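Everything in the sequence shown is counted per this note's numbering, starting at -16 for the first residue and increasing by one.
Worksheet: one structure, shown below.
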Amino acid sequence: MNALIPLPVIVPLLGAALCVVAARARMVQRVISLAALTSNVVVSIILFIRVDDDGMAVTQAGGWKAPLGITLAVDRLAAVMLVVSSLMLLWVLVYAIGQGAEESRFAAFNPVYLVLAAGVSASFITGDLFNLFVAFEMMLVASYVLLTLGGRPGQVRSGMSYVVISLIASTFFITALALIYAATGTVNMAELAERTPELSSGVRTGFSLLLIAVFGVKAGLFPLFFWLPDSYPTAPGAITAVFAGLLTKVGVYAIIRSQTLLFPPDAQQGTLLLVVAGLTMVVGVLGAIAQDDLRRMLSFHIVSHIGYMIFGLALFTLAGIAGAVFYVVHHIVVKTALFLVVGLVEWHAGSDRLSRVGGIVRSAPMIAVLFAFPALSIAGLPPFSGFVGKFALVGAGIESSEWVIVAVSLLVSLLTIYVMVRIWSNVFWGEAEDAQVEARMESEAGRVPWVMSAATSVVVAMSLLLMVFAGPLYSFAERTAADLLKPEQYVETVLRGGS
C-alpha cells in the first residue's frame, strides 16, 4: 500500500510529459489529463481509507531511510487534503473542457494544469521542508502560466504581482530553510520535531514566526493578502475556481502542519495567530462589501474565511483544530463551487458586475439554484456545512474563553450573510440594467454549455454531501486533530517505522 503514496505526484507529471508530446492532438491531451486526475482520485481515496483504518503510511524514496532520504508521508490530514484536492482538480478540468476557452486554444494548458496538480499533491505528502519548497515552486511556475492565459485586460500585470510576491515569499522560505538547517542539521520534519525543543526559546519563536510569514503569503493572511484580490479575478474562469478553492489552502495546510509538528507548546504563536485571524476575517469581509463584481467579492471572501481556519488552529485544542480541519475541507469544495457558478453567470450574461447583471433567477433558474446552495453554506446558515464548521469553531473559542475572536467571527458571519444577500438581490433577483446584458441572456449566445453546467452541478452536489455527512466528517476531523496534537506518533512512524 505504501507504494501508492508517490503516485499522486508521479502520475500527473507523467501525464504532463505525454500531453507535451501530444501537443497537436487536443483530444488526446484531454484523455490523458482526465485519466491522470481520475487515477489521482482513486489513489487518494484508497490512501484515505487505509490511513483512517490502519494509521499513517510512510515511504522513503529510493530506499534511503529518514532523515537521509526523501520522506513521503500520508497521515489523516494529508489524506483528506489529497482526496478533496484531487476531486476539485478533476471536475474543474471537466469544466474547463466544457468552457472551450483557454483549454481549447492553448496547447500548454493541460500539461501545465497537471504540473499544478502534482505540486499540490507533493505539498501534502512531503515529509521535509526542502521538498515542500520544491512543491511550492512547482505550483508557482504552473500558476503563473495559467494566470496569464487568455489575454484578459490586466492579466499580465496581475500575474507579475503574483509572481513577485511569491518569489519574495520563496526567498524568505529558502532563507528560513538555511537557518533551520544551520541550527538543527536537518530539514526532515520528523527529525526537526525532535531537535527543535533543544533550541533556545528565542530561536524557536523566531523560526515559528518566520514560517508563519512565509506560509501566510501563500494562505492570504492579513497583512500579506493584498496580491490575492488583484490576481484571481483576472484569471480564466476555471483557473480562478481551482486557485480559489485550493492554493490558499495549501498555505493553510503548511501552517497547520508546521505549527503543530515542529514547535513545542511554548513556541506556538497562539495569541499572534488569534489576532491575525481576527484581522484577516474583518478585512476580507469589508473588502468584499466594497466591491461591485462577483469575482472580486468572492476573492476577498477567500481572505475572510482563511481567518476562520487560522482561528481554529490558534486555539491549539482538540476542538479548535478539528473545527479548522473541517472548515478547510468545507471551504475548498464550497468556494470552488461558487467560482464555477460565477463562470456560468459570466457566460450567460457576459458580465459579472452587480450593477449590470440581474434577473438570472428568471432567465436561467438552474444557475440561480446552483448558486443558492453554496452561498447559503458559505454564509453559515443551518443545516449547511458552513454552519457546522462555524458552530464548531465558535464552540471551541467559547471553551477556550477567547471571547473577542468569537465575537469577531460572529460579526463577520453576519456580514457574510449581507454580502450573499446583496449578490442574490442584484444578480439573480433584480433587473438587468444593461441592455446588452439583457439581450445576451435572452439570446442563444447566453446558453451555457451543458458540460460546464454538469461539472458545476457535481461540485455543488459535493458541497451538499458535506452537509449530509457532516457528522462522520467532523468525527474524522477530531481524529485528525488528535493526531496533530500528538506529534510523537508522526515522528515515531517516520524515523523508526512505528505505527
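We put the CB at the ideal spot given by N, CA and C, even for glycine.
Predicted model only: the values in this text are computed from it and were never measured.
Straight-line gap, L17 to T188 (C-alpha atoms, nearest Å)
Locating residue 17 in the sequence shown gives position 34, counting from the first residue. Locating residue 188 in the sequence shown gives position 205, counting from the first residue. Spanning the two alpha carbons is a distance of roughly 44 Å.
Where I(-12) sits in the DSSP three-state scheme
Here residue -12 corresponds to residue number 5 of the sequence shown, with the count starting at 1. Coil, per DSSP.
How should E471 be labelled, buried or exposed, when 16 other C-beta atoms within 10 angstroms of its C-beta is the threshold for buried?
Residue numbering aside, residue 471 sits at position 488 when the sequence shown is read from its first letter. E471 comes out exposed.
Is it a yes or a no for the region 236 to 245 touching the region 179 to 195, going by three-plus beta-carbon pairs under 8 Å?
yes
Hey, would you say the C-beta of L478 is under 7 Å away from at least one heavy atom of the ligand ZN?
Judged by which ligands are present, the structure shown has none, so any question about the ligand ZN falls away.
Could you tell me how far apart the beta carbons of L397 and F294 are, in whole angstroms, since I believe they sit closer than 8 Å?
Taking the sequence shown and counting its residues from 1, one reaches residue 397 at position 414. Taking the sequence shown and counting its residues from 1, one reaches residue 294 at position 311. Contact flag wrong, Cβ pair sits at about 16 Å.
List the residues that DSSP assigns as beta-bridge partners of I53.
Sequence index remark: in the sequence shown, residue 53 carries index 70 (1-based). Partner(s): A44.
So what does DSSP say about D276, is it helix, strand or coil?
Indexing the sequence shown from 1 puts residue 276 at position 293. If DSSP states are grouped into helix, strand and coil, D276 belongs with the strands.
Quick one: measure Cβ to Cβ for L129 and A218, integer angstroms, because I've assumed they're closer than 8 Å.
Stepping through the sequence shown from its first residue, residue 129 is reached at position 146. Stepping through the sequence shown from its first residue, residue 218 is reached at position 235. Rounded to the nearest angstrom, the Cβ distance from L129 to A218 is 7 Å, consistent with a contact under 8 Å.
Which word fits L296, buried or exposed, when buried means at least 16 other C-beta atoms lie within 10 angstroms of its C-beta?
As a working mapping, residue 296 is identified with position 313 in the sequence shown. The residue is buried, with at least 16 neighbouring Cβ atoms inside 10 Å.
Distance, I151 Cα to P(-11) Cα:
Residue numbering aside, residue -11 sits at position 6 when the sequence shown is read from its first letter. Residue numbering aside, residue 151 sits at position 168 when the sequence shown is read from its first letter. Taking the straight line from one Cα to the other gives about 29 Å.
Measuring only the C-alpha atoms, how far is G199 from F208?
Indexing the sequence shown from 1 puts residue 199 at position 216. Indexing the sequence shown from 1 puts residue 208 at position 225. Distance between the alpha carbons of G199 and F208 is about 8 Å.
Which residue or residues does DSSP assign as beta-bridge partners of D111?
Translated into positions along the sequence shown, residue 111 becomes position 128. According to DSSP, D111 bridges with N171.
Please report the Cβ distance between G(-2) and L97, rounded to the nearest whole angstrom; I am assuming they are in contact, meaning their Cβ atoms lie under 8 Å.
Counted from its first residue, the sequence shown places residue -2 at position 15. Counted from its first residue, the sequence shown places residue 97 at position 114. Yes, G(-2) and L97 are in contact; Cβ-Cβ is about 5 Å, under 8 Å.
Any idea if P94 is buried or exposed, counting beta-carbon neighbours within 10 angstroms, 16 or more meaning buried?
By 1-based counting over the sequence shown, the position of residue 94 is 111. P94 is buried by the Cβ-count criterion.
To the nearest whole angstrom, what separates the beta carbons of L244 and M172, a pair I think is in contact under 8 Å?
Sequence index remark: in the sequence shown, residue 244 carries index 261 (1-based). Sequence index remark: in the sequence shown, residue 172 carries index 189 (1-based). The Cβ separation is near 6 Å, so the contact holds.
Around the C-beta of P348, are 16 or more other C-beta atoms found within 10 angstroms, so that it is buried, or is it exposed?
What you label residue 348 is simply residue 365 of the sequence shown in a count that begins at 1. Classification of P348: exposed, given that the 10 Å Cβ count is below 16.
Whose C-beta lies closer than 7 Å to the C-beta of A362 among residues of the same chain, with five residues either side of it excluded?
Numbered from 1 along the sequence shown, position 379 holds the residue referred to as residue 362. G369, T399, I400 and M403.
Would you mind giving the Cβ-Cβ distance between G303 and N409, rounded to the nearest angstrom? I have them listed as a contact below 8 Å.
The sequence position of residue 303 within the sequence shown is 320, counting from 1. The sequence position of residue 409 within the sequence shown is 426, counting from 1. In fact, because the Cβ distance is near 36 Å, the residues do not count as touching under 8 Å.
Please tell me whether A464 and L301 are closer than 8 Å, where the distance is taken between their beta carbons.
Looking up residue 464 in the sequence shown gives position 481. Looking up residue 301 in the sequence shown gives position 318. Contact flag set, yes.
Element boundaries [alpha helix (DSSP H), containing L449]
The residue given as residue 449 occupies position 466 in the sequence shown. Residue range W433 to V451 is occupied by the alpha helix (DSSP H) that includes L449.
Can you look up R336 in the DSSP assignment and give me helix, strand or coil?
Start at 1 with the first residue of the sequence shown, and residue 336 comes out as number 353. Here R336 sits in strand by DSSP.
Which full runs of the alpha helix (DSSP H) of 4+ residues lie inside the region 198 to 258, going along the chain?
211 to 214, 220 to 225 and 231 to 244
Alpha carbon to alpha carbon, how far is V103 from T21? Give it in angstroms, no decimals.
Within the sequence shown, the letter at position 38 stands for residue 21. Within the sequence shown, the letter at position 120 stands for residue 103. Taking the straight line from one Cα to the other gives about 15 Å.
So, at 8 Å on beta carbons, what are the nonlocal neighbours of L281 in its own chain, with the 5 sequence-adjacent residues on each side left out?
Translated into the one-based positions of the sequence shown, residue 281 becomes position 298. Closer than 8 Å at Cβ, skipping near neighbours: A227, A271, K318, L321, F322 and V325.
Report the rounded CA-to-CA distance for L211 versus M264, giving the unit in angstroms.
Within the sequence shown, residue 211 is the residue found at index 228, counting from 1. Within the sequence shown, residue 264 is the residue found at index 281, counting from 1. Computed Cα separation, rounded: 15 Å.
Closest to V344 by C-alpha separation, out of A355, S338, E85 and R336, would be which residue?
On the sequence shown, residue 344 is found 361 positions in, with the first residue counted as 1. If we check each option's Cα against that of V344, A355 comes out closest.
Checking 8 Å against the spacing of the C-beta atoms, do L65 and L99 come in under that value?
On the sequence shown, residue 65 is found 82 positions in, with the first residue counted as 1. On the sequence shown, residue 99 is found 116 positions in, with the first residue counted as 1. Cβ distance not < 8 Å, so L65 and L99 don't count as in contact.
Restricting to Cα atoms, I'd like to know which of S153, L182, V477 and Y457 is closest to A165.
Counting from one through the sequence shown, the residue named residue 165 turns up at place 182. It is L182.
Any idea what DSSP makes of A362, helix, strand or coil?
What you label residue 362 is simply residue 379 of the sequence shown in a count that begins at 1. Collapsing the DSSP output to three states places A362 in a helix.
Rounded separation between S502 and G46 - CA only
No statement about residue 502 is possible, as the shown extent of the chain runs from -16 to 482 and does not include it.
Pairing CB atoms from the region 374 to 394 with CB atoms from the region 330 to 337, are three or more of them under 8 Å?
Too few Cβ pairs lie closer than 8 Å, so no.
Tell me which residue opens and which closes the alpha helix (DSSP H) that A379 is part of.
Translated into positions along the sequence shown, residue 379 becomes position 396. S368 to E382 is the span of the alpha helix (DSSP H), which, as asked, contains A379.
On the criterion of 16 or more Cβ atoms from any shown chain inside 10 Å, does F452 qualify as buried, or is it exposed?
The residue given as residue 452 occupies position 469 in the sequence shown. Per the 10 Å Cβ criterion, exposed.
Anticipated Cβ contact below 8 Å, P432 with Q82, distance rounded:
Taking the sequence shown and counting its residues from 1, one reaches residue 432 at position 449. Taking the sequence shown and counting its residues from 1, one reaches residue 82 at position 99. About 7 Å; that satisfies the 8 Å criterion.
Can you look up M264 in the DSSP assignment and give me helix, strand or coil?
What you label residue 264 is simply residue 281 of the sequence shown in a count that begins at 1. Note: M264 maps to helix in three-state DSSP.
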